[in-house]
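Colleague: Here's a structure for you.
There are 2 protein chains.
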Amino acid sequence: MATSHRQFKDRIYEQFSRIGKAVSAPKRIELLDLLCQGPRTVESLAQQASLSVANASQHLRVLRAARLIESEKQGLYVEYRVADVEVCRFFFALRKLADSHLAEVAQVTQTYFAQRGVMAAASAVSGDELLRRVRNGEVLVLDVRPEEEFRAGHIPGARSIPIAELKARLRELPRGREIVAYCRGPYCVMAVDAVELLRKHGYRAQRMEQGVVDWRARGWRVEKERERVLS
Amino acid sequence: MATSHRQFKDRIYEQFSRIGKAVSAPKRIELLDLLCQGPRTVESLAQQASLSVANASQHLRVLRAARLIESEKQGLYVEYRVADVEVCRFFFALRKLADSHLAEVAQVTQTYFAQRGVMAAASAVSGDELLRRVRNGEVLVLDVRPEEEFRAGHIPGARSIPIAELKARLRELPRGREIVAYCRGPYCVMAVDAVELLRKHGYRAQRMEQGVVDWRARGWRVEKERERVLS
DNA sequence: TGCATATTCAAGCAAACGATTGAATACTAG
DNA sequence: CTAGTATTCAATCGTTTGCTTGAATATGCA
Numbered sequence: 003m004a005t006s007h008r009q010f011k012d013r014i015y016e017q018f019s020r021i022g023k024a025v026s027a028p029k030r031i032e033l034l035d036l037l038c039q040g041p042r043t044v045e046s047l048a049q050q051a052s053l054s055v056a057n058a059s060q061h062l063r064v065l066r067a068a069r070l071i072e073s074e075k076q077g078l079y080v081e082y083r084v085a086d087v088e089v090c091r092f093f094f095a096l097r098k099l100a101d102s103h104l105a106e107v108a109q110v111t112q113t114y115f116a117q118r119g120v121m122a123a124a125s126a127v128s129g130d131e132l133l134r135r136v137r138n139g140e141v142l143v144l145d146v147r148p149e150e151e152f153r154a155g156h157i158p159g160a161r162s163i164p165i166a167e168l169k170a171r172l173r174e175l176p177r178g179r180e181i182v183a184y185c186r187g188p189y190c191v192m193a194v195d196a197v198e199l200l201r202k203h204g205y206r207a208q209r210m211e212q213g214v215v216d217w218r219a220r221g222w223r224v225e226k227e228r229e230r231v232l233s
Numbered sequence: 003m004a005t006s007h008r009q010f011k012d013r014i015y016e017q018f019s020r021i022g023k024a025v026s027a028p029k030r031i032e033l034l035d036l037l038c039q040g041p042r043t044v045e046s047l048a049q050q051a052s053l054s055v056a057n058a059s060q061h062l063r064v065l066r067a068a069r070l071i072e073s074e075k076q077g078l079y080v081e082y083r084v085a086d087v088e089v090c091r092f093f094f095a096l097r098k099l100a101d102s103h104l105a106e107v108a109q110v111t112q113t114y115f116a117q118r119g120v121m122a123a124a125s126a127v128s129g130d131e132l133l134r135r136v137r138n139g140e141v142l143v144l145d146v147r148p149e150e151e152f153r154a155g156h157i158p159g160a161r162s163i164p165i166a167e168l169k170a171r172l173r174e175l176p177r178g179r180e181i182v183a184y185c186r187g188p189y190c191v192m193a194v195d196a197v198e199l200l201r202k203h204g205y206r207a208q209r210m211e212q213g214v215v216d217w218r219a220r221g222w223r224v225e226k227e228r229e230r231v232l233s
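Here the protein sequences line up with chains A and B, keeping their order.
Read left to right, the first sequence gives residues 3 to 233 (this note's numbering).
Read left to right, the second sequence gives residues 3 to 233 (this note's numbering).
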């Protein structure tokens with residue numbers, strides 16, 4: 003009786019730990035982060051995360067075993083995607099926890115930005131403020147992620163110019179209006195690069211810390227609340 | 003430049019993975035679960051989780067290194083506690099993810115209850131329903147966790163009779179009123195045991211799946227929403 | 001001061017893990 | 001059918017992890 007009780011506990015916690023194990027390797031978290039931006043193939047993921055294809059495939063296998071992601075054969079390629087929005091929310095919770103509890107995260111970020119000679123926090127725009135200014139037509143929202151990710155989902159009204167093409171396509175941007183660039187989230191530096199480039203060319207530009215998915219998660223929560231209140 | 007970019011990413015994800023690693027061992031999740039119920043000493047945790055004291059201490063060291071928990075010397079004992087409510091919420095998110103995505107969790111639970119000849123889901127009461135019936139004075143809410151945990155926090159109006167003492171203290175309970183027993187949460191079986199015992203002695207008893215902390219988390223969210231709505 | 005108790009530390013061992021390599025499989029296009 | 005491409009599989013190697021054991025440290029109490 004007591005032993006079966008112990009067995010039950012052990013089995014349950016072992017199941018819980020499958021999720022934990024899945025996010026215990028840095029590279030797997032990076033893959034999960036990428037997949038939260040949208041579906042991708044193995045090769046694309048491997049390249050983005052600086053992994054060998056075989057190694058990426060192996061990590062993806064682990065993530066899939068924990069049911070955090072799923073895969074589907076699409077012709078010659080295999081498309082991997084997050085199993086559920088819930089998974090992204092879990093990743094955000096983890097990221098937020100690391101952000102608020104691990105001093106080292108702030109330190110690493112600060113060191114990197116200092117090394118680049120950029121003020122990290124100074125130019126960051128909060129989601130609430132942006133929302134107001136977008137509505138007023140004051141700003142142009144720029145999505146600097148790869149077009150693939152833009153297509154998978156973006157902030158309504160945003161314009162897509164991947165960071166790699168930005169320099170060549172600068173003339174597409176209006177001079178007068180302020181530009182707010184965003185990318186994958188607070189620890190993605192593409193928007194920082196974009197702002198740096200834009201400012202060097204005389205544009206007024208700012209970075210939004212949140213990415214699309216953070217934005218959507220936020221919007222979703224707000225909507226949910228309104229629903230509950232109104233009903 | 004590109005290398006420093008990679009380095010930054012690697013360092014950030016490595017930080018994130020500290021949280022992941024902390025919850026990658028079943029026993030550490032169990033310890034975290036216990037600590038979400040309230041502060042505890044090493045020995046107490048070790049005993050509850052069926053660990054040697056040295057082993058528990060080691061696991062606690064890992065959890066503390068990830069800043070999920072903190073410890074304070076209290077005379078001869080060391081008190082461990084969760085670093086922040088945010089940590090409990092993270093644990094809940096993990097548990098919920100496992101619950102909804104890993105079929106094995108349901109299977110393990112079902113197997114255990116079937117083996118005990120108890121209908122698991124049949125007698126579960128939801129938090130919303132309970133709230134209503136408590137307000138009407140229809141039910142008596144019974145906290146069957148160790149008194150230590152009851153003292154650390156409980157559902158308002160609940161009565162404490164630890165499962166170990168329940169049999170001897172049955173006469174304290176009123177015959178007529180329905181009893182709703184709760185313990186640490188959906189995967190804690192103390193309330194199941196209590197309900198079984200109570201029914202065998204002719205009481206009308208049901209189990210509430212949620213524990214105190216789930217309850218509080220729920221309450222907190224509800225309050226938060228009301229605030230936001232009213233302001 | 002010295003004994004008892006709670007906790008941590010240190011060493012050792014088997015198992016699990018992450019990365020690498022090279023081969024195998026599955027699909028497409030010519 | 002064959003060549004080429006995307007992905008997975010299998011074997012290997014060095015590291016890390018979780019657990020055990022026994023000793024060390026720290027605090028409280030007689």
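Using N, Cα and C, we set each Cβ at its ideal position, and we do this for glycine too.
These numbers were taken from a predicted model, which means no experiment stands behind them.
Strictly under 8 Å for the Cβ-Cβ distance: is residue 16/B near chain A by that measure?
Modeller: For residue 16/B, the answer is yes, since a Cβ of chain A falls inside 8 Å of its Cβ.
Colleague: Could you tell me which chain B residues have their CB closer than 8 Å to the CB of residue 7/A, listed as they occur along the chain?
Modeller: Chain B residues near residue 7/A: 191.
Colleague: If the criterion is Cβ atoms closer than 8 Å, does the pair residue 51/B and residue 29/B meet it?
Modeller: Cβ distance < 8 Å, so residue 51/B and residue 29/B count as in contact.
Colleague: Beta-carbon separation of residue 144/B and residue 160/B under 8 Å?
Modeller: A contact, by the Cβ cut-off of 8 Å.
Colleague: What does a CB cutoff of less than 6 Å around residue 39/B pick up in its chain, not counting 5 residues either side in sequence?
Modeller: The answer, listed in chain order, is 151 and 186.
Colleague: Let's see if you can read the secondary structure: which residues bound the beta strand (DSSP E) around residue 25/B?
Modeller: Residue 25/B -> no beta strand (DSSP E), and no H or E assigned at all.
Colleague: Could you check if residue 87/A is buried or exposed, using at least 16 other CB atoms within 10 Å of its CB as the buried criterion?
Modeller: Exposed, by the Cβ-count rule.
Colleague: Put residue 76/A into one of helix, strand or coil per three-state DSSP.
Modeller: Three-state result, residue 76/A: strand.
Colleague: Strictly under 8 Å for the Cβ-Cβ distance: is residue 85/A near chain B by that measure?
Modeller: Output row for residue 85/A: interface = yes.
Colleague: By the 10 Å Cβ neighbour count, where 16 or more other Cβ atoms means buried, how is residue 156/A classified, buried or exposed?
Modeller: Per the 10 Å Cβ criterion, buried.
Colleague: Using a Cβ-Cβ distance under 8 Å, would residue 103/A count as near chain B?
Modeller: Chain B, which has a Cβ nearer than 8 Å to the Cβ of residue 103/A, makes this yes.
Colleague: What residues from chain A crowd round residue 181/B, counting only those whose CB sits closer than 8 Å?
Modeller: Neighbours of residue 181/B on chain A: none; closest Cβ ~22 Å, over 8 Å.
Colleague: Alpha carbon to alpha carbon, how far is residue 134/A from residue 27/B? Give it in angstroms, no decimals.
Modeller: So the two alpha carbons sit approximately 45 Å from each other.
Colleague: According to the neighbour-count rule (16 or more other Cβ atoms, all chains shown, within 10 Å of its Cβ), is residue 202/A buried or exposed?
Modeller: With fewer than 16 other Cβ atoms within 10 Å, it is exposed.
Colleague: What residues from the stretch 51 to 81 of chain A come within 9 Å of chain B, judged by C-beta to C-beta, listed N to C?
Modeller: Listed in sequence order: 51, 52, 68, 69 and 70.
Colleague: Compare the Cα-Cα distances from residue 172/B to each of 205/B, 18/B and 21/B and report the closest residue.
Modeller: Minimum Cα distance to residue 172/B is reached at 205/B.
Colleague: Strictly by DSSP, which residues pair up with residue 110/A?
Modeller: Answer is none; residue 110/A lacks a bridge partner.
Colleague: Mind listing the chain B neighbours of residue 151/A? Cutoff is C-beta to C-beta under 7 Å, in chain order.
Modeller: Near residue 151/A there are no residues of chain B at all, since even the closest Cβ is about 16 Å away, more than 7 Å.
Colleague: Whose C-beta lies closer than 8 Å to the C-beta of residue 62/A among residues of the same chain, with five residues either side of it excluded?
Modeller: So the list reads 33, 44, 47, 71, 73 and 82, once near-sequence residues are dropped.
Colleague: Note down the Cα distance separating residue 9/B from residue 17/B, rounded to an integer number of angstroms.
Modeller: In a straight line, the C-alpha of residue 9/B is about 12 Å away from that of residue 17/B.
Colleague: Against chain A, with Cβ distances strictly below 8 Å, would residue 148/B count as a contact?
Modeller: Residue 148/B does not count as touching chain A.
Colleague: Going by other Cβ atoms of all chains shown within 10 Å of its Cβ, with 16 needed for buried, is residue 6/A buried or exposed?
Modeller: Exposed: under 16 other Cβ atoms inside 10 Å.
Colleague: Spell out whether any CB of chain A is found under 8 Å from the CB atom of residue 117/B.
Modeller: Yes, contact with chain A.
Colleague: Can you grab the Cα-Cα spacing for the pair residue 58/A / residue 37/A, in whole Å?
Modeller: Distance between the alpha carbons of residue 58/A and residue 37/A is about 13 Å.
Colleague: Return the chain-ordered list of same chain residues with a C-beta closer than 6 Å to the C-beta of residue 188/B, the five sequence neighbours on each side being excluded.
Modeller: So the list reads 211, once near-sequence residues are dropped.
Colleague: Once you ignore the five residues that flank residue 142/A on each side, which residues in its own chain have a CB closer than 6 Å to its CB?
Modeller: Here the set comprises 179 and 181.
Colleague: For residue 145/B, does the three-state DSSP call read helix, strand or coil?
Modeller: It is a strand residue.
Colleague: Run the proximity test for residue 134/A: is its beta-carbon closer than 7 Å to any non-hydrogen atom belonging to the ligand NAP?
Modeller: Questions concerning the ligand NAP fall outside what the structure shown contains, since it holds no ligand whatsoever.
Colleague: Taking the continuous alpha helix (DSSP H) assigned at residue 63/B, which residues delimit it?
Modeller: That run of the alpha helix (DSSP H) goes 55 to 67.
Colleague: Is there a C-beta anywhere in chain A that falls below 8 Å from the one on residue 144/B?
Modeller: Cβ-Cβ to chain A under 8 Å: no for residue 144/B.
Colleague: Please confirm if residue 211/A has its CB atom under 8 Å from at least one CB of chain B.
Modeller: So, not an interface residue.
Colleague: Do residue 92/A and residue 99/B have their CB atoms nearer than 8 Å?
Modeller: Yes, the Cβ-Cβ distance between residue 92/A and residue 99/B is below 8 Å.
Colleague: Reducing DSSP to helix, strand and coil, say where residue 52/B ends up.
Modeller: Of the three classes helix, strand and coil, the one that applies to residue 52/B here is coil, per DSSP.
Colleague: I'd like to confirm the pairing. Which residues does DSSP put opposite residue 15/B in its beta bridges?
Modeller: Answer is none; residue 15/B lacks a bridge partner.
Colleague: Just how far apart, CA to CA, sit residue 69/A and residue 77/B?
Modeller: One C-alpha to the other measures close to 45 Å.
Colleague: At the level of alpha carbons, what is the spacing between residue 1/B and residue 15/A?
Modeller: Missing from the structure shown is residue 1/B; chain B here goes from 3 to 233 and no further.
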